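Participant: Residue numbers (the UniProt record's numbering): 1 to 224.
1. Locate the alpha helix (DSSP H) running through residue 152, then write down its first and last residues.
2. Let me make sure I understand the geometry here. Which of 175, 186, 118 and 171 has the alpha-carbon closest to that of residue 158?
3. Report yes if the C-beta distance between residue 177 and residue 166 is below 8 Å; otherwise report no.
4. When you compare only the Cα positions, how much space is there between residue 23 and residue 164?
5. Just checking residue 34 against the ligand PLP - is the residue's beta carbon closer than 7 Å to any of the ligand's heavy atoms?
6. Report the rounded CA-to-CA distance for residue 144 versus residue 202, giving the unit in angstroms.
7. Only counting the same chain, and skipping five residues up and downstream in sequence, which positions put a Cβ closer than 6 Å to that of residue 204?
8. Within the region 31-72, note down every full alpha helix (DSSP H) run reaching 4 residues or more, in order along the chain.
9. Based on Cα-Cα distance, which residue from 162, 31, 221 and 220 lies nearest to residue 83?
10. Using 10 angstroms around the beta-carbon of residue 37, count the other beta-carbons present and answer buried if the total reaches 16, otherwise exposed.
11. Work out the CA separation of residue 3 and residue 223 for me, nearest whole Å.
12. Should residue 20 be labelled buried (16 or more other beta-carbon atoms within 10 Å of its own) or exposed?
13. Over the uninterrupted alpha helix (DSSP H) stretch that includes residue 19, give me the two end residues.
14. Do you know offhand how far residue 132's Cα is from residue 212's?
15. Does DSSP put residue 224 in a helix, a strand or coil?
16. Residue 247 to residue 174, Cα distance in whole Å?
17. Determine the closest residue to residue 77 out of 94, 89 and 90, with distance taken between C-alpha atoms.
18. Just mark residue 172 as buried or exposed, buried being the case when its beta carbon has 16 or more other beta carbons within 10 Å.
19. On the premise that residue 219 lies in contact with residue 180, defined as a C-beta separation below 8 Å, what is that separation, rounded to the nearest angstrom?
20. Whole-angstrom Cβ separation of residue 108 and residue 200, contact assumed at under 8 Å?
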């Protein structure tokens with residue numbers, strides 16, 4: 001399906017707000033709209049990191065859609081590129097795999113050790129591309145996106161920015177297959193962490209399907 005420019009702007013603001021808020025960013029949707037749509041700072045004082053976390057979504061979206069137009073497959077370079085844009089001016093290791101072991105706040109599983117990340121991600125990309133080639137329906141693609149997002153987050157390949165990168169990568173994969181994107185809302189964070197903890201693909205599918213349908217309908221309204 002076609003992505004209307006106004007829908008892309010609308011998607012950017014909503015995705016940036018919710019994806020950042022899941023990671024603890026306190027800016028409201030109105031604040032995010034001011035920053036991303038009108039290039040205006042909110043009247044209240046805001047932390048510079050929270051501003052950058054939101055503003056960097058503009059850079060990452062431009063990178064994402066440039067790659068979508070070229071129909072680029074998922075690759076390590078694409079993943080690192082998204083992370084580099086999202087973490088610009090925030091983290092010195094932007095665009096590079098973690099060099100130390102890390103974990104996820106409130107999650108009950110261990111992430112992959114830093115020494116194994118490179119091999120794990122090579123396997124992750126190869127497996128995704130293989131399963132992508134044999135998928136037969138949109139539902140197959142959606143399940144593949146969700147399942148591999150769970151695996152991606154459990155690897156936790158970067159020192160910071162894994163969630164934001166993983167959710168944008170999932171969006172990229174869906175839109176590459178002409179399926180509407182998925183926005184996980186900030187008030188769904190607890191359920192989202194539970195899904196990652198339990199590797200609950202079917203629960204994720206149940207959560208995601210109506211949200212993807214909502215985005216499909218919203219995109220069509222913008223086109224009309």
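The beta carbon of each residue, even a glycine, is placed where N, CA and C say it ideally should be.
All values reported here derive from a predicted model rather than from experimental measurement.
Facilitator: This is what the structure gives:
1. 138-155
2. 118
3. no
4. 8 Å
5. Because no ligand of any kind appears in the structure shown, any question about the ligand PLP cannot be addressed here.
6. 11 Å
7. 146 and 195
8. 48-69
9. 162
10. exposed
11. 8 Å
12. buried
13. 5-22
14. 19 Å
15. coil
16. Summary: the structure shown does not reach residue 247, with the chain confined to residues 1 through 224, and so no result is reported for it.
17. 94
18. buried
19. 6 Å
20. Contact doesn't hold; Cβ gap of about 13 Å is too wide.
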